[in-house]
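Only one structure is covered here, and it is reproduced in the block below.
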Amino acid sequence: MASDLNRVTRGEAIHEGKAKIIYATSASDLLIQHFKDDATAFNGKKKGTIANKGICNNAISSHIFSLLEKEGIKTHFVEKSGERDMLVKKLEIIPVEVVMRNVIAGSLAKRMGVEEGGKLAFPILEYYYKDDALGDPMINRFHIRAFNLATDKEMERIEREAFRINEWLVAFFDKIGTTLVDYKLEFGRGPEGVLLADEISPDGCRLWDKQSGEKMDKDRFRRDLGNIPEAYDEIRRRILGAG
Ligand code: ADP
Ligand code: TMP
Ligand code: ASP
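Residue numbers (our numbering): 2 to 244.
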């Protein structure tokens, strides 16, 4: 209800992460995700800032989350409450990073000893334990069960949702001249069950121009490719232009 949301005010910072600050709000069940320009890679070993990244990532994520909601995917998104602020439902984040891959790149290319760019016959879903100190190691469903990171029921839902999200996102990016190579999703549990959380932006996705193959995501920062703010801005322009 817009009138209630208008009265939600920003409280104390409760977590400062690598790319965002999470604020409490006057509503106990809502948080504000504040998007910074700070960028890190290789588990924080490389640090920098990307001009206006926070503004781009908030605009991109807010737009994608609202479109996913229309597709019946339940997310933490409530509204874009400022240029860098997203009002979200407060969740307990499940410490499992869900990586979906459509094209061979990054650590998959390294692990399998192949070149980047090969299309996969079907998407690959991988899990990583969300723990910065350990460098987010890869895990599987057995680790998740044995270490009680999530229940089997939660994981079945996450897996189903991840494939639904992937099908929609691949088609969406394709329509705007962009290949969705791979990306990371996070989910959290709350009163409404398991919801898609965090962000979907060029920080956590590999996005290649369909024609030229040019990288338009955080790999430009990781690999010192230059024109980084321009790439984020171009992705924002394509996404917001997509309606
Ligand atoms: P990190 O903590 O990995 O450095 P960020 O800078 O992106 O990452 O900080 C945002 C933090 O907020 C992440 O740890 C993410 O899991 C968490 N988060 C995202 N959405 C929610 C939510 N709806 N409720 C609670 N925490 C969330
Ligand atoms: P990877 O090839 O390095 O494993 O990354 C796969 C995708 O997941 C890539 O789009 C970047 C994203 N990702 C994150 O956003 N955060 C992470 O901590 C990791 C490991 C990957
Ligand atoms: N998100 C991780 C980091 O900030 C890994 C990466 O994106 O390269 O270090």
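Positions of the beta carbon are idealized from the N, C-alpha and C atoms, including for glycine.
> Would you say Gly205 touches the ligand TMP, meaning its beta carbon is less than 6 Å from a heavy atom?
Replying inline: When distances are taken from the beta-carbon of Gly205 to the heavy atoms of the ligand TMP, the shortest one is below 6 Å.
> Could you give the residue range of the beta strand (DSSP E) that holds Leu197?
Replying inline: Looking at the DSSP string, the run of the beta strand (DSSP E) that includes Leu197 is 194-198.
> Mind checking whether Asp248 and Ala106 have CB atoms under 7 Å apart?
Replying inline: In the structure as shown, the chain begins at 2 and stops at 244. Residue 248 is therefore absent and cannot be evaluated.
>> Given the structure, does Gly136 come close to the ligand ADP, in the sense that its CB is under 6 Å from one of the ligand's heavy atoms?
In response: No - the ligand ADP has no heavy atom lying nearer than 6 Å to the Cβ of Gly136.
>> Please classify Ala151 as buried or exposed, where buried requires at least 16 other C-beta atoms within 10 Å of its C-beta.
In response: Ala151 is classed as buried because its beta carbon has at least 16 other beta carbons within 10 Å across all chains shown.
> How many Å lie between Leu241 and Ser62 at the Cα?
Replying inline: C-alpha separation (whole angstroms): 11 Å.
> First and last residue of the alpha helix (DSSP H) that includes Lys111?
Replying inline: Secondary structure note for Lys111: its alpha helix (DSSP H) is the uninterrupted segment 107-113.
>> Once the 5 residues before and after Asp86 are set aside, which same chain residues still bring their CB inside 6 Å of it?
In response: The answer, listed in chain order, is Ile33, His35.
> First and last residue of the beta strand (DSSP E) that includes Lys124?
Replying inline: It should be pointed out that residue 124 corresponds to Pro in this sequence rather than to Lys. Unbroken beta strand (DSSP E) run through Pro124: 120-130.
>> Starting from Leu135, trace the alpha helix (DSSP H) in both directions and tell me its first and last residue.
In response: Judged by DSSP secondary structure, Leu135 falls outside any alpha helix (DSSP H); it is assigned neither H nor E.
> What is the C-beta distance between Lys90 and Leu197, in whole angstroms, given that I count them as a contact (C-beta under 8 Å)?
Replying inline: Not really, about 11 Å apart at Cβ, beyond 8 Å.
> Out of Lys154, Lys75, Ala40, Gly12, which has the shortest C-alpha to C-alpha gap to Asp220?
Replying inline: Check the Cα spacing between Asp220 and each of Lys154, Lys75, Ala40, Gly12: the tightest is with Ala40.
> Considering His35, what are the terminal residues of the beta strand (DSSP E) in which it resides?
Replying inline: Taken as a continuous stretch (DSSP letters only), the beta strand (DSSP E) holding His35 covers 31-36.
> Any idea if Glu70 is buried or exposed, counting beta-carbon neighbours within 10 angstroms, 16 or more meaning buried?
Replying inline: By the 10 Å Cβ count, Glu70 comes out exposed.
> Which full runs of the beta strand (DSSP E) of 3+ residues lie inside the region 160-229, going along the chain?
Replying inline: You should have 179-191, 194-198, 206-210.
> From the beta carbon of Arg224, is the nearest beta carbon of chain B less than 7 Å away?
Replying inline: The structure shown contains no chain B, having only a single protein chain.
>> Would Ala25 and Glu13 qualify as a contact pair, given that the criterion is a beta-carbon distance under 7 Å?
In response: The Cβ atoms of Ala25 and Glu13 lie closer than 7 Å to each other.
>> Check whether the region 140-149 and the region 77-85 are in contact - that is, three or more C-beta pairs closer than 8 Å.
In response: Between the region 140-149 and the region 77-85 there are fewer than three C-beta pairs closer than 8 Å, too few to call the two in contact.
> What does Ala14 pair with, by DSSP beta-bridge criteria?
Replying inline: Per DSSP, Tyr24.
> At what residue ranges does the region 66-103 contain a whole run of the beta strand (DSSP E), taking only runs of 3 or more?
Replying inline: The beta strand (DSSP E) runs lying completely inside the region 66-103 and spanning 3 residues or more are 78-81, 86-90, given in chain order.
> Taking DSSP as the reference, what is the three-state secondary structure of Lys47?
Replying inline: In the structure shown, Lys47 adopts extended strand secondary structure according to DSSP, grouped into three states.
> In the structure shown, what three-state DSSP assignment does Ala3 receive?
Replying inline: Caution applies to Ala3, whose pLDDT of 49 falls short of 50 and renders its modelled position unreliable; the model cannot decide the point.
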